[in-house]
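One structure is given here, and the rest of the page talks about it.
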Amino acid sequence: MLFWILVAILTAAVAVVLLLPLLRANARAEAPRSHDVEVYRDQLDELTRDEKAGLISGEDAEFARAEVARRLIAANDAVKASTGQVSSMRANRLAQLCVIILLPLLGLCLYLTTGSPDTPDAPLSARLANPDADPNILIAQAEQKLAQNPEDGAGWDVLAPIYYRTGRIEDAAVAFDRAVRLLGPTPARLGGYAESLIALSGGLVTTEAQTALQKSLILEPNDPRAEFYLALALKQEGKKDLALAAFDQLVARSPQDAPWLPLVNDHIASLKGEPTTTDSGTADTQAVEAAPGNPTSDDIAAAATMADGDRRAMIEGMVDSLSAKLAAEPANFEGWMRLVRSYAVLDQKDKAADALKQGLAAFPADSEQGKQLLALADELDLKPSGETP
Amino acid sequence: MIIELGHYALVLALATSLLQSVLPIVGAFRGDRSLMQVGTTAAMATFGLVAVSFAVLTYAHLTSDFSVKNVWENSHSLIPLIYKYSGVWGNHEGSMLLWLLILAFFSALVASFGSNLPETLKANVLAVQAWIASAFTLFLLLTSNPFARLVPAPGEGQDLNPVLQDIGLAIHPPLLYLGYVGFSVCFSFAIAALIEGRIDAAWARWVRPWTLAAWTCLTAGISMGSYWAYYELGWGGWWFWDPVENASFMPWLAGTALLHSALVMEKREALKIWTVLLAIMTFSLSLLGTFLVRSGVLTSVHAFATDPTRGVFILAILVFFIGGALSLFAFRATRLKAGGIFAPISREGALVFNNLILTTATATVLTGTLYPLVLEALTGSKISVGPPFFNMTFGLLMLPLLLAVPFGPLLAWKRGDLLGAGQRLFAAVGVGLLIGGIIYYVQHGGPIMAMFGLALGVYVICGSLTDLALRSGLGKVSGAIAFRRFKGLPRSAFGTALAHMGLGVTMIGIVGVTAFETEHVVEMKPGMTTQAGGYTVRFDGMRQGNGPNFTEESGHFTVTRDGVEVTEMWSSKRMYTARRMPTTEAGIRSFGSNQLYVSLGDAMADGGVVVRIWWKPFILCIWGGTLFMIAGGMVSLTDRRLRVGAPSRAKKQKKLVLEPAE
């Protein structure tokens, strides 16, 4: 309320300032050229002074004086000829109305569209005085402590899932990794680390993520989250039968009302070639959002904090860097498999076919790896451009 | 609530500007005094409102209020207090708000000190100023609102760009903007004159001090920016012909031309149309600079965040103001009466020569800056127009200008005596050649062209002093009288001499450092020494350190000459934690006008570190010269002639001021 009172006072004050000249009695405007006369007189004075001081010669001064005098006479005549106008009351009224109506109208309309009147100030000192009410301050304080003492594993352990939930995936991956290294592996840390990596690569279960998940399974053999992602990895690698078996096993072990069952069933359906409830193109990215072992709504919120365009741009950037790396060192079979799959996921068939061709150049079609590449191409419905297997 | 009040003040400033855009001009058209006076009060009100909103943004930065997006993006709770202040304009939104604040400040100056201006001229000028202010306020509110909020507020900011965490940020942008925006007043005067279809005699008297003030600030701003880049970037260079530098240099060149043509116009009422055009061009180039830097067309430390909508918006502003102004010029310029006539060899002629060269130089820089951009936009191919192009074309253009500089003030108005002026400059030419020769002999090894360059610089300095000496009659009259005359010379004469001398000093610096600079890139281990400029530099070792928001590695160097320790210096590399960005802090020591510049490179596996050591003779002359120019501008500004032009009021003052002066 106080805010709106101040807004009203400010608006009124400005309106008064603008209205003041309009309320004064009307004066006759001065003749337009009276200023010129003054300037020329001053120039004549200056000439006299310069001449006295010896700055210009007498002859030059005479010439100049004649020139200025001619202008002075012309200006004088103009002043006599002109008559000042008197302002009309009607124009004034209109102007007053303009000020009184337009000023608050424009101000309020613009402010209400661009401003956020209900958002209070949040100076840092006030927030620090009462940190419990403000999770962001708690995070910032924890970060400051960690910056001073980066070996504090417990700190990273606390921060990592918070980062993940607030959409700071990259920080989350770093934090999970540090927690694992400083405090030792647990299924939660390893799973979180793998999940961050998967989110970072746009739904692809990378080799690094698989390694972490396998370690997690050793610690806790029946962790549904790890099983799910490993099954997904099989599917993404084109090992249909193995993936199907892994998903089936996951269904068998899950309780009837497990929240991840619909998603798992979708994958099973798509592997069997049946129509699915979700669009297969986005199934991989959705996997991250509804994966088992996670409170799904939080993750969806986390993924949503990143705009679709941003995420795609980030993924494309990573894929491009992979492609560049492979161009420099083509003897990397895993890399080619990932690149081909990534382009297919991004729906860039031409590039995928291109990558396949380059991959086959490094690993000939009759080699074991070449056959795997071709099997992947078959599954993704790709044809190696300009080459027959 | 305070933040939102600042936001509302900005919105209200827009509403006020819009009223100020219309009412005074209607008043001027109808001869209605009260409507015209609305311009005066509205200009004051706008300034007050923008100042409030700027103060609020500053408050948000000081209190680290991360609920303001701008603060979150560009501040950190741990940065030193001074960077919390300067960080206000160390980002796109804040710097545009500063732009607006300075614009409103200039309008308020015209409003409060313009009581001796013709009423209609003042009303029109204030209205045009309000058009510019409205456009930029709208730009701020719609595309780059500094008061955008974040809910919930983040706990920590993303830190100010480390390169900007320097005292330079506190000085360079405000000065540069004072220059850029100062030319808006000249622009408004030009547009006002075109609207009225008439140029008062007071016009030139008014335009000149504004040009002078803007030019002085711009000179200081560019010079400061150049020195900042020199010591902060760690490359040892002081001017890179970078498009962003050119963007500030073009208004400076055009402004310098304007300064000189306004002089002709004031004294002789000649070159009226040309002066109006120059005033329009100068501010247009300022706007172009703002567009190039702010739109994201160029990537540089100045670009901050890039956002295409901003570019389009500024482009629209650019097209409206430049296109509008030039069309108005095309329609109305013929109505302006041409003034006095003059012979080719005369003071006017010399100033026209100056204008020709300066505008050609501006066009050259403009071409070199825009051509790669246009080519890339049209064909997609990238080319870079680098220093060789600019050094060649610009250097050649400056040569005749520098030769002519001392002649200008020696020539008489209307018709002058070139031969006579040449004879009077004999001493200057002689001294120039002599000193150039001596320097060449002492610093032998440099190219022969360097000698001519240095001689030219000395000649310009001596030529400027010649003018003062001749005017006070040194040699012709007794010493006492000459001294009295010297004291009685108009301030503008001193201003001219100082600024021209500054040009010579800068010239000496540029030629000297280009010709005689030495550079060593060596890998050094603790205890190793290397030679630079007659000094021996010993590397003593590295040290780790911590700042408030960075960690640094500093190398310690001891400088000796003939075995005697002269000084010690630190050169460091910093890593800013929040942005994970490195910066270099070069070690610099001055010896007279020469400098020793040590910059750290990468550390080697075997414990050594790559060190770049420059010996830069005369380098301080470059910025020393600009100090002379700035001083010249300020001295000229205090000249009493620039304060005249009022009916009634000034008369009384004049009586008081003039008598004792005779």
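Residue numbers (UniProt numbering), protein chains in the order written: chain U, 1 to 389; chain L, 1 to 662. Where is the CB? At the ideal position from N, CA and C, for every residue including glycine.
Assuming contact is defined by CB atoms lying nearer than 8 Å, are L:F516 and L:D540 in contact in what I supplied? no
Does the segment 219-234 of chain L come close enough to the segment 618-629 of chain L to have 3 or more Cβ pairs within less than 8 Å? yes
Decide if L:W99 is buried, meaning its Cβ has at least 16 other Cβ atoms within 10 Å, or exposed. buried
Local conformation of U:H267 per DSSP, three classes: helix
Looking only at its own chain, which residues have a Cβ that is under 6 Å from the Cβ of U:P330, when we skip the five neighbours before and after it? A362
Buried versus exposed, by CB contacts within 10 Å (16 or more), U:K272: exposed
Looking only at its own chain, which residues have a Cβ that is under 6 Å from the Cβ of L:W614, when we skip the five neighbours before and after it? G236, E519 and Y597
Selection from U:P123, U:V264 and U:A252 that minimises the alpha carbon distance to U:N222: U:A252
Would you mind sorting L:L10 into buried or exposed? The rule is 16 or more other CB atoms within 10 Å of its CB. buried
Measuring only between beta-carbons, confirm whether L:S34 sits less than 8 Å from chain U. yes
Which same chain residues end up closer than 7 Å to L:F389 when comparing Cβ atoms and leaving out the 5 residues on each side of it in sequence? G368
Taking a Cβ distance cut-off of 9 Å, strictly less, list which residues of the segment 65-94 of chain L are near chain U, in chain order. D65, F66, S67, V68, S77 and L78
Leaving aside the five residues before and after U:G192 along the sequence, list all residues of the same chain whose C-beta is less than 8 Å from its C-beta, in chain order. A160, P161, Y164, A172 and F176
Would you give the residue range spanned by the beta strand (DSSP E) that L:V522 belongs to? T518 to M524
Taking the alpha carbon of L:G39 as the reference point, which residue from L:A28, L:A45, L:Q20 and L:A51 has its own alpha carbon closest? L:Q20
Quick one: any contact between the segment 456-465 of chain L and the segment 496-510 of chain L, if contact means 3 or more CB pairs under 8 Å? yes
L:T466 and L:A427: beta carbons closer than 8 Å? yes
Going by DSSP, what residue range makes up the alpha helix (DSSP H) through L:F313? P308 to L318
List in chain order: all unbroken alpha helix (DSSP H) runs of 4+ residues lying wholly within the segment 479-565 of chain L. 479-488 and 491-516
Along chain L, which residues have their Cβ under 7 Å away from the Cβ of U:R24? S34
From the beta carbon of U:I9, is the nearest beta carbon of chain L less than 8 Å away? no
Can you give the Cα-Cα distance for U:L112 and U:L373, rounded to whole angstroms? 59 Å
Distance CB(U:E368)-CB(U:T207) smaller than 8 Å: no
Kindly indicate which three-state DSSP category U:D279 falls into: helix, strand or coil? Below a pLDDT of 50, predicted positions are generally treated as unreliable, and U:D279, at 46, falls in that range; the measurement from the model is reported next regardless. Coil at U:D279, not helix or strand.
Taking the alpha helix (DSSP H) that L:P251 falls in, what are its first and last residues? P243 to R268
When L:A170, L:G547, L:I132 and L:V513 are compared against L:Y85, the one with the closest alpha-carbon: L:A170
In angstroms, rounded to a whole number, what distance separates the CA positions of L:L175 and L:L212? 14 Å
Whole-angstrom distance between L:W570 and L:T160, CA atom to CA atom: Note that residue 160 of chain L is Leu in the sequence shown here, rather than Thr. Cα to Cα, the separation comes out at about 24 Å.
Check the C-beta distance from L:T560 over to L:T530 and give it rounded, since I have them as a contact under 8 Å. Not confirmed; about 12 Å, so no contact.
So which residues on chain U does L:R310 lean against when the C-beta distance must stay under 8 Å? Within 8 Å Cβ-Cβ: nothing; L:R310 doesn't reach chain U, min ~16 Å.
Below 9 Å on C-beta distance, what does U:V3 contact in chain L? Correcting the residue type first, residue 3 of chain U is Phe in the shown sequence and not Val. Under the 9 Å cutoff, chain L gives M1, E4, L5 and Y8.
How would you call L:T63, buried or exposed, if buried means at least 16 neighbouring beta carbons within 10 angstroms? buried
Where U:G167 meets chain L, residues with beta-carbon distance less than 9 Å: Correct list: empty, because the minimum Cβ distance to chain L is about 12 Å.
Going by Cα to Cα distance, which pick from L:A257, L:G155 and L:M44 is closest to L:I280? L:A257
If the criterion is Cβ atoms closer than 8 Å, does the pair U:I139 and U:L128 meet it? no
Where L:L12 meets chain U, residues with beta-carbon distance less than 7 Å: L10, T11, V14 and G107
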